[in-house]
């Protein structure tokens, strides 16, 4: 990852004197205070006792975890969250890959303007994009209400539509991440290799399958992991678009934290979410590495 | 021809990406006092009214303040750290680098709960300072990574030449190193600012009552109460601002260079 | 221009057969620049033709047009008599080696070479046989299971060549494939390429900016500048009779002497030059009074301390500088009205020194007439 334009930059770095490392201290202190300690506090809170008067009591207990694992309500929630994560990731990567490919072939104003459009959700608050979709879906929401009232539509169907709407908005919001990462990854492959394959007689789909995808697999993996982590921890979009009809972990975390004030249980849910993200990261990395035999060869 | 199909697809996606902001425009010109689509009538009155909305403007100002301060702290700390990490080898350097990616890797909704608990014991709950610091910690990994790239591409031979010619450390820093870092620092500042300004999750949990940031204020209007077409009006303006900032940033700095990494 | 373009003076090897590759009136504009202008080129089967020229002359673009990676704005490109303008690269049965070699890093050398063969539907046994043949052709047996990152630059280059030749293409295209190699390796590969070409007799188009490579490898060289082929001819004829100032100075070193014709006697012309009269052998139709530019190669000059008994051309000069090049000595001379550069192969004996007064002598046939005075 280190971009060393001159070979002296990294390998021959001077051995550290204490004085030289002092500039590192402020950042490390900030990280310790506002990252490490909060994470520790979170873990600790998950094993504290819940008390609806004082929110929590600093006595160790596994009651919260037991409550989580024994209640099917939470299992459903985890399942819904996973579905949201996987569907979003799948469609976002699928949709974003060709766009990134096209972007690597152009430059100048065309590239800037097209990028401005495709990366749009990144540089405005997610509320702007979500609000836009909310407005777009309003008539549909209205239509749904009318149909249900008229007895022409029943529960499950509207729930299905709601899920679809959610995924659409999620894909929309996360597409920029895929495009950014894949554009960089595709750039690294280089036009020459693709042209070589063309002259050797490979049709476009073959090139995609046997050249592009294997060589951009690290990019696919990292963008997929990023989108997965972001999408299953999203609060705003499920709340706005499905209006609480779909229950995902972040919504429960929010309501337990601010409404019900059961911080221990909220912490448990957060830890569970974290474990899911970490597990998915490892699993995905391992799978993609195995698929392309990455340990055996290096990019040239 | 295949090339043509790809271009059509790319432009179709671009059109869809722009669609939502285009939706906020018609929603903000309705004459009704509530948000409805399609709009009823036509008026531009909601745009100035958005700026007359006290709490909304206050949250806007607050967002800007927080963004400035948190970006400044993140870039300052990140800059110092980038130098220390890039220029010196020490045991645990890789561990430190991994540590820096932490706040980015952990989903915000998890980190914010930890911060909430921590602040509670410190008495920082609901304070502006607490919120600012939480925005800062989110921006720090990104600022660090950007500046690391910047430091790594410095031409050390210029520094050595200056030293041979008799410059002391401070002079080298100010007159050789910082001019080269200008672009990287500006990029880090801009992206840190934007990350803070657009952040939603942190303020959702940590902001005190009546002291929210713009995204949360807009959300409360939409989801809880107080929704008017001023909200889509403000959205549209924010969208416009964002686009202009992006175009400016890309033409001068090159967005892909700074945001792309992490692929290979 | 028309005379230069047609290359009429140079008959390609295998003349009389239908050209394997033909470009007629090809144009290409990239951005705002006309990179290739009204290009005409005909290449016979089995020929080795080099496109030689400075950066930006359009040689790589021409190669990409032939490969089908770019489409021409005007004109036709024909392979084996068929007009292939609209054909995708996949269809054209070509082999190509890129400057970066473009090996697939996630495939072994075997899989790289087999890539094109598998696409043609060859069975596993045939593929294995062909890959082995190719690897022994490029003198690289035993690297089948290695990945490109495990191979040296020279080896990667050979694998790239093997990959391009594996499918038995009609035409082999080489885009500066030796540029990324160091000096010694480059010279080795030049000889290898020549050997492989002699063995396979594949029609080959080679792009380079190195005039040495062009002269060593080619049956014919097309010298390009600003999108046009300035001259196309055999290396010998191009070197000896450059005919234009550009070709003359691009291919090797040259002294350029200018003067006015004083007398014409059959095939011999007398030209008045600042340093004295020059005798030139030429069949060009000239009359006294005409201005003439002449090219003189440094190696054609002999340095003598005393004037030869009956010299054809002998110019008195002072040695300004002597440069030792190992196999040769380069003398920089100052004569009346001209600075000359002379090259002599070191055959022992004391070299002349700076400040010596000498005579620069050369044959009448050593002077070559330049057409664009």
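Residue numbers (the working numbering), protein chains in the order written: chain G, 107 to 406; chain D, -10 to 253; chain Z, 157 to 529. Where a beta carbon is used, it is the ideal one built from N, C-alpha and C, also for glycine.
Contacts with chain G at 8 Å (Cβ-Cβ) include residue 258 of chain Z. Annotated three-state conformation of residue 222 of chain G is helix, per DSSP. Residues of the segment 311 to 325 of chain Z with a Cβ closer than 9 Å to any Cβ of chain G, in chain order: 312, 316, 319, 320, 322, 323 and 325.
Residue 404 of chain G reaches chain Z at 261, 303 and 305, counting residues in chain order whose Cβ is nearer than 8 Å.
Taking a C-beta distance under 8 Å as the contact criterion, residue 510 of chain Z and residue 477 of chain Z qualify as a contact pair. Burial check for residue 27 of chain D: the Cβ neighbour count within 10 Å stays below 16, so the residue is exposed. Taking C-beta separations shorter than 8 Å and ignoring five residues to either side along the sequence, the partners of residue 230 of chain Z in its chain run 181, 182 and 183, following chain order. Closer than 8 Å to the CB of residue 239 of chain D there is at least one CB belonging to chain G. In the three-state reduction of the DSSP assignment, residue 189 of chain Z falls in the strand class. Neighbourhood of residue 321 of chain G in chain Z, by CB distance below 9 Å: 260, 261 and 262, in chain order.
Residue nearest to residue 213 of chain Z within the set Z:323, Z:245, Z:378 and Z:260 is Z:378 (criterion: CA-CA distance).
Neighbours of residue 151 of chain G in chain D, taken as residues at a C-beta separation under 7 Å, are given in chain order as 106. Residue 241 of chain G has a beta carbon lying within less than 8 Å of a beta carbon in chain D.
When 7 Å is used as the limit between beta carbons, residue 356 of chain G is near these residues of chain D: 98, in chain order. Of all residues in the segment 359 to 386 of chain Z, none comes within less than 9 Å of chain G when Cβ atoms are compared. The C-beta of residue 145 of chain G comes closer than 8 Å to at least one C-beta of chain D. Taken in chain order, the complete beta strand (DSSP E) segments of 3 residues or longer contained in the segment 397 to 448 of chain Z are 411 to 421, 424 to 429 and 432 to 437.
Under the three-state reduction of DSSP output, residue 469 of chain Z falls in the strand class. Here the alpha carbons of residue 191 of chain D and residue 342 of chain G stand approximately 12 Å from one another.
A Cβ-Cβ distance of about 17 Å is found for the pair residue 92 of chain D and residue 68 of chain D, leaving them out of contact under the 8 Å criterion.
Residue environment: residue 128 of chain G is assigned as exposed (fewer than 16 neighbouring CB atoms within 10 Å of its CB, all protein chains considered). Within chain D, the residues placing a beta-carbon under 7 Å from that of residue 129 of chain G are 69, 70, 72 and 73, ordered along the chain.
If only uninterrupted alpha helix (DSSP H) runs of at least 4 residues are considered, those enclosed by the segment 38 to 106 of chain D are 43 to 76 and 82 to 94.
Taking 9 Å as the cut-off between beta carbons, the residues of the segment 238 to 256 of chain Z near chain G are 244, 245, 246, 247, 248, 249, 250, 251, 252, 253, 254, 255 and 256, in sequence order. Taking 3 residues as the minimum length, the segment 158 to 208 of chain D contains no beta strand (DSSP E) run wholly inside it.
The beta carbon of residue 187 of chain D sits closer than 8 Å to some beta carbon of chain G.
Beta-bridge analysis with DSSP links residue 484 of chain Z to Z:501. Within the segment 271 to 300 of chain Z, contact with chain G at the beta-carbon level (separation under 8 Å) is assigned to 271, 272, 275 and 276. Note on the segment 117 to 179 of chain G: whole beta strand (DSSP E) runs with a minimum of 3 residues are 154 to 157 and 161 to 166, in chain order.
Within the segment 312 to 363 of chain G, there are no complete beta strand (DSSP E) runs of at least 3 residues. Residue Z:484 holds the alpha-carbon nearest to the alpha-carbon of residue 501 of chain Z among Z:177, Z:507, Z:484 and Z:495. Closest in C-alpha terms to residue 43 of chain D, from the list D:233, D:237, D:232 and D:203, comes D:203. At least one CB of chain G lies nearer than 8 Å to the CB of residue 225 of chain Z. If the five residues before and after residue 186 of chain D are omitted, its C-beta is found closer than 6 Å to the C-beta atoms of 52 and 56, all from its own chain and listed in chain order. Sequence-distant Cβ neighbours of residue -2 of chain D in its own chain, meaning closer than 6 Å and more than five residues away, do not exist here. A contact between stretches requires three or more CB pairs, one per stretch, nearer than 8 Å, and the segment 408 to 426 of chain Z fails this requirement with the segment 220 to 235 of chain Z.
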